[in-house]
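Take the position in the sequence shown, starting the count at 1, then add 111; the result is the number in my numbering.
A virtual CB, placed ideally from N, CA and C, is assigned to each residue, including glycine.
Keep in mind it's a predicted model, so treat the numbers as computed, not measured.
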Amino acid sequence: MKAWQRNALIALLVVGIVVAAIYAYLTFAHRSDLDSAATSGTDPMLVDPKPQTFPSVSLAKPSGWDGNLAPQAAAGLTVGRFATGLDHPRTMLALPNGDVIVALTNAPAAAKQGGITGFFMKLFMGRVGAGDPSPDTLVLLRDADGDGRAEQRFELRKADMHSPSGMAYRDGKLYVANHNAVLQFAFTPGETKLAGQPKQLMELPGGGNHWMRNLLLSPDGKQLYAAVGSATNIADNGMEAEAGRAAIWEIDTATGRRRQYAAGMRNPNGLDWNPSTGEMWATVQERDMLGPDLVPDYLTNVPVGAQYGWPWVYWKDKFDDRVNWPMDTNMVEYTRKPEYAMGAHTAVLGLKFASAGNRLGAAFGNGAFIARHGSWNRKPAAGYDVVFVPFDGNGNPQGKPRPVLTGFLEKGGDKAHGRPVWLAFDKGGALLVSDDTGGVIWRVIAPGAAPSAGPKAVVTEHMKPNKELVDPTQPPAIGRPQD
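Laid out in structure tokens, this is it:
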């Protein structure tokens, strides 16, 4: 062997040892001190932060659903396959005629990082089923005979799709959010092709670590809301790189005018209207690398102008000392506390409130269903399930999350049959759950349950005026209280 060959072999061996050592270090996850339930609910435990230079990694390799394997449904519920053999199904939209549109999608190539960080992220994400190229396709599923299984499947659209995720429909218009823009198409339910050229309603900041862009229409259809996640964990590349991100945008569907509706939300995902109060609610993924028990992802209402503190603050008044970018001096004063914690690193995604017509039984009649995609940096793993957050009669969350669909994670935690992503209700009142790494749409229902009447609306009286308005030029009436 020549000297240069020997030196090259030694160099490769050294690089291999270094890479293996780094991989072993990163995958030696620090174990959690708390059960996931401790960091859930209206009053979660917030431990002291344990900042990490590199994230600890605990990966669950996809194993699929062999044979008749399926997730476990909660007592009183059953689960079946609505559709199988899909290529990374993520978001879903149930149409008025009962058809279901599914976005087959993954991260855009532009979102992938370079350098040594990019190398390891590609390695890790590939192991959990998130490293494949995006299929960039919308498919339409149809259960024509009403047996709970979609026997018809159509490729609705592939052109103009670039990591599509959010979808919404109203009055002949289908809205689709790519990672970099919100598009509007002319569409009539019943059609099996999405033809014609799209109209771009809004350009969005593209790519980033959090590339999904999810949509929600206002009840009157006049406003469209778009959730945009941050590019990095804690504005690692500066605040300029986060412009327009970590926020929810409001878009006028007629004019395209837009404004920032809410901010300081690291990665907002599921959006839905609370049927009791009419408020917008969202699921939000919080920051990483503060230890296995921080920071809890959350579910919260989102009033206009809301600020949730990212990247400087979490849980209203907890400062992240790793963030050195200048902060508004009034930040803490105006930062809102999230309403409900969903557990640290559970990766909350899909959100759907229980509503009229659902057939999951009285136990799931008032509250929110949430898909937790599952952790990649916590040991033991957290999430990998669909849960139900019960609400009280005033439209507020209470108690702890209740399991709806479990069994995605294999015993031991190093393999996962699948990972739940998104939620929708089909025309029969069943809950549909997309499973991206499993390639399945699951259907959950309570056999024999009558359609729910839905939660009661919260009715409040307007405050009565403290005093009557009078003409200041006239003398006061006898007996009228004075200022």
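Apart from sequence neighbours up to five positions away, the residues of its chain that approach alanine 417 with a beta-carbon distance below 7 Å are Ala373, Arg447, ordered along the chain. Here phenylalanine 464 carries a strand assignment [DSSP, helix/strand/coil].
With respect to the C-alpha of threonine 517, the residue from Gly550, Leu410, Gly529 having the closest C-alpha is Gly529. If you draw a 10 Å sphere on the C-beta of aspartate 496, you find 16 or more other C-beta atoms in it, and that means buried. Partner residues in a beta bridge of threonine 216, as assigned by DSSP, do not exist.
For tyrosine 286, the enclosing beta strand (DSSP E) begins and ends at 284-288. Distance check between arginine 377 and each of Ala458, Gln308, Lys463, Gly191 places Ala458 closest, using alpha-carbon atoms only. With contacts defined by Cβ atoms closer than 9 Å, phenylalanine 480 and phenylalanine 464 form a contacting pair. Annotated as proximal: glycine 468 and proline 562, with beta-carbon spacing under 9 Å.
Per DSSP, the beta-bridge partners of phenylalanine 296 are Leu285. By the beta-carbon neighbour count (other beta carbons within 10 angstroms, threshold 16), aspartate 546 is buried.
Counting C-beta pairs closer than 8 Å gives fewer than three between the stretch 437-445 and the stretch 175-194, which falls short of the contact rule. Here leucine 335 is near tyrosine 286, since their CB atoms are less than 9 Å apart. Residue pairing of proline 531 in beta bridges, as defined by DSSP: Asp546. Under a 10 Å Cβ-count criterion, arginine 489 is classified as buried, with 16 or more other Cβ atoms of the shown protein chains found around its own Cβ.
Phenylalanine 265 and tryptophan 426 have their C-alpha atoms roughly 44 Å apart. With respect to the 9 Å criterion, glycine 277 and methionine 313 are not classified as neighbours on the basis of their beta carbons. Within its own chain, the residues whose Cβ lies closer than 7 Å to the Cβ of proline 330, once the five positions on either side in sequence are excluded, are Trp384, listed in chain order.
The Cβ atoms of leucine 534 and glycine 381 sit closer than 9 Å to each other. Closest option to aspartate 258, judged by alpha-carbon separation, among Gln308, Val551, Trp423, Gly540: Gly540.
When the Cα atoms are used, serine 169 and aspartate 254 turn out to be separated by approximately 38 Å. Looking at the DSSP output, valine 395 bridges to Pro379, Tyr409. If you check the CB distance, threonine 202 and asparagine 289 do not come in under 9 Å. Taking C-beta atoms as the reference points, alanine 342 and tryptophan 421 fail to come closer than 9 Å. Annotation for tyrosine 451: the continuous beta strand (DSSP E) segment containing it runs 451-455. The shortest C-alpha to C-alpha distance from glutamine 396 to any of Ile359, Trp423, Leu460, Val413 is the one to Leu460. Beyond the five residues adjoining it in sequence on each side, alanine 365 comes within less than 8 Å, by CB distance, of Lys333 in the same chain, given in chain order. Per DSSP, the unbroken alpha helix (DSSP H) holding tyrosine 445 starts and ends at 442-445. For asparagine 325, the enclosing beta strand (DSSP E) has its first and last residue at 324-328.
The beta-carbon separation of serine 274 and asparagine 217, rounded to 7 Å, stays under the 8 Å limit for a contact. Rounded to the nearest whole angstrom, the CA to CA distance from glycine 523 to lysine 310 is 48 Å.
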